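Line order of the protein sequences matches chains Z and S.
So for the first sequence, my numbering puts the first residue at 21; every next one is plus one.
So for the second sequence, my numbering puts the first residue at 6; every next one is plus one.
For every residue, glycine included, the Cβ atom is placed at its ideal position computed from N, Cα and C.
Source: prediction; values computed, not measured.
Notes follow the structure.
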Amino acid sequence: MSLSSSTTAIAPGPVVEVVALTRAFGPRKAVAGVTFSLGAGDCLALFGPNGAGKTTLLRVLAGLLKPSSGSARVSGIALPAGADVRSKVGLISHHTMLYDALSPRENVSFAARLYSVPHVSTRVEDSLRRMSMLERADTPVRALSRGMQQRVSIARAMVHSPQLVLADEPYSGLDDSGARALTALLQELRAVGTAIIIVTHNLAQGLSLATHAAVMQSGRFVRYDRRSEVDVTSYSTTYREALNSGE
Amino acid sequence: MSETISAAWLIARKDLAIEFRTRSAFFSAVVFALLGLVIFYYAWDPTAVSVTDLAPGVLWVIFTFSGLLGLHRSFGIEAADHAIDGLLASPVSRHAIFLGKAIANLIFVAAVQMIAIPALVLFYNLPLGDVVGPLIAIALLAAIGLVVVGTLFSAMVVNTRLAELLLPMLALPFFVPIVIAATQATAKLLSGRPVSEADAWLKLLVAFDIVFVAACTLAYPFTVED
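Structure follows, in structure tokens:
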């Protein structure tokens with residue numbers, strides 16, 4: 021996939037700008053006053069225990085949930101917004117979001133058409149090839165392994181060359197070669213100016229891609245660092261200390 | 006507007022492709038409709054009730070309940086592995102998603118009707134004569150009303166534990182005016198009355214369709230906001 025030629029123009033200024041963002045479900049604040057910003061090519065690795073609010077934050081940025089208070093902007097457009105923002109975002113989840121009766125080619129083609137991608141068949145082939153799924157492109161998704169389904173899901177999320185990629189545990193289910201392909205793809209996306217937020221429980225994997233790292237607990241960022249300020253070898257200790265301090 | 010229509014058609018085609026592959030809901034609905042016809046046929050005493058009195062009721066009872074099978078599946082295919090998130094995160098409007106689902110459901114119900122109506126005519130030896138055209142119009146008008154209401158409720162209940170139970174409980178009361186109008190109009194036609202005598206019921210169906218297509222399309226986005 022020729023990312024440099026296919027990625028849509030990156031708007032000047034921050035790709036993501038989040039200020040005091042809160043998302044509540046009844047009395048419980050899943051995201052509580054989170055503030056950060058990411059420029060083109062930045063990657064935020066988001067760590068935290070289950071229930072910390074990581075997925076909720078990503079769902080707000082994807083336009084699937086409305087913020088309760090605070091503000092969030094994607095490419096300068098305030099959320100919640102319409103098609104103009106959603107067309108710039110690619111969402112990868114631990115749920116594949118695929119139709120299991122359809123083939124990988126049909127699933128990715130459907131997504132490409134939803135996003136009005138030009139030259140659909142070429143882009144679909146490129147996306148599937150990138151995730152090494154071209155050989156199984158016409159097999160029904162239900163007949164594929166969990167890891168292969170996750171590869172197709174990633175191809176689906178990337179087919180429209182998003183400016184912002186929201187990746188919620190994207191490595192779940194992937195084998196070594198799938199993980200390597202995903203890492204290479206995310207690095208390539210960063211190189212062409214795509215901003216990335218990646219949620220993972222694997223600290224080393226997250227930090228290998230990140231320009232920023234955050235630890236989230238009880239809806240808040242209890243630690244936020246530039247990658248250059250982080251000592252990778254001792255980050256697991258830093259992570260545990262951040263969680264303890266946030267309790 | 007044209008973007009909404011083309012996105013809706015894209016979603017409808019996807020739903021129909023899935024149904025064509027699996028055929029699970031369609032076969033269930035057709036079998037249900039044919040079984041209904043058979044059961045009513047053997048429970049029927051032709052010396053007590055004439056065929057033209059019985060057939061309209063039979064027709065609309067089987068359409069209503071067989072249609073529910075497809076309507077339940079409509080958003081069920083989106084619930085598996087959170088495919089609905091992929092749709093909602095895409096740039097297509099919520100209205101296009103609803104209309105796409107409704108179009109696919111309408112084609113589904115129409116396909117069931119295309120098998121059930123000839124079967125009814127054969128079983129009950131109905132004298133259709135020149136009422137085929139108006140009967141198709143009634144079937145289509147009623148199907149539009151049933152489908153838009155059922156599609157909205159399907160979206161509302163899909164994430165609940167008792168979706169299969171809740172959908173008929175919520176939708177059937179709203180189906181009542183459509184089924185009454187469709188049954189009455191069908192009865193007039195089958196008993197040999199002129200189409201003009203069914204005018205009032207046809208107008209009611211048209212009014213119901215206009216109101217509920219608009220209302221359900223506008224209401225759908227609220228069912229996916231939390």
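Beta carbon proximity, residue i to chain Z, threshold 8 Å
i	result
G91 of chain S	yes
S79 of chain S	no
D86 of chain S	yes
A22 of chain S	yes
L15 of chain S	yes
T27 of chain S	yes
P226 of chain S	no
E230 of chain S	yes
A109 of chain S	no
S98 of chain S	yes
K106 of chain S	no
I82 of chain S	yes
K19 of chain S	yes
S159 of chain S	no
S33 of chain S	no
I120 of chain S	no
A212 of chain S	no
A12 of chain S	yes
A94 of chain S	yes
Nonlocal neighbours in the same chain, by C-beta distance under 6 Å from residue i, ignoring five residues either side
i	result
L99 of chain Z	A92
S24 of chain Z	Residue placement at S24 of chain Z is poorly supported in this model, since its pLDDT is 42, which falls under 50; the coordinates still yield a value, given next. Answer for S24 of chain Z: V212, listed in chain order.
A44 of chain Z	S88
K74 of chain Z	L66, G68, V219 and M236
F80 of chain S	S159, A160 and V163
V200 of chain S	P139
A187 of chain Z	I112 and I218
A52 of chain Z	T42, G239 and R240
Min CB distance residue i to chain S below 8 Å
i	result
T159 of chain Z	no
D146 of chain Z	no
H139 of chain Z	no
K86 of chain Z	yes
R133 of chain Z	yes
L122 of chain Z	yes
M117 of chain Z	yes
R143 of chain Z	no
A82 of chain Z	yes
S24 of chain Z	Caution applies to S24 of chain Z, whose pLDDT of 42 falls short of 50 and renders its modelled position unreliable; the value that the coordinates give is listed next. Not one chain S Cβ lies under 8 Å of S24 of chain Z.
R106 of chain Z	yes
V38 of chain Z	no
A262 of chain Z	no
L301 of chain Z	The structure shown does not extend to residue 301 of chain Z, since chain Z spans only 21 to 267, so no value can be given for it.
L10 of chain Z	This structure does not reach residue 10 of chain Z, given that chain Z is present from 21 up to 267, and the question cannot be answered.
Close Cβ partners of residue i (< 8 Å) along its chain, the five nearest in sequence each way excluded
i	result
I23 of chain S	I82
I112 of chain S	A17 and L21
V211 of chain S	L146
V117 of chain S	F31, A34, V35, A38, F68, S71, G72 and G75
E189 of chain Z	S113, H114, V219, T220 and H221
R156 of chain Z	P124, L164 and M168
R166 of chain Z	G193
DSSP beta-bridge partners of residue i
i	result
I112 of chain Z	Z:A187
M236 of chain Z	Z:F241
S89 of chain Z	Z:T42
K49 of chain Z	Z:A44
S57 of chain Z	Z:E37
C63 of chain Z	Z:I216
R246 of chain Z	Z:H232
V94 of chain Z	Z:V36 and Z:I97
Assumed close pair residue i, residue j - CB separation to whole angstroms, cut-off 8 Å
i	j	result
A131 of chain Z	M153 of chain Z	Going by Cβ atoms, the distance from A131 of chain Z to M153 of chain Z rounds to 14 Å, so no, they are not a contact pair.
R162 of chain Z	A121 of chain Z	7 Å
F25 of chain S	Y225 of chain S	F25 of chain S to Y225 of chain S, Cβ: 25 Å. No contact.
V56 of chain S	N130 of chain S	7 Å
R106 of chain Z	S7 of chain S	About 19 Å separates the two Cβ atoms, so there is no contact after all.
V36 of chain Z	L81 of chain Z	7 Å
Residues of its chain near residue i, where Cβ-Cβ distance is below 7 Å and the 5 sequence neighbours each way are ignored
i	result
G62 of chain S	T188
V184 of chain S	W65 and T69
S256 of chain Z	L223
S265 of chain Z	V242
A262 of chain Z	V235, V242 and R243
R247 of chain Z	L227, A230, T231, H232 and A233
F128 of chain S	L42 and Y46
8 Å Cβ cutoff, residue i in contact with chain A
i	result
A116 of chain S	Protein chains in the displayed structure are Z and S, and chain A is not among them.
**Item:** Runs of alpha helix (DSSP H) wholly within the stretch 48-126 of chain S (minimum 4 residues, chain order)
**Value:** Listed in chain order, they are 56-84 and 88-93.
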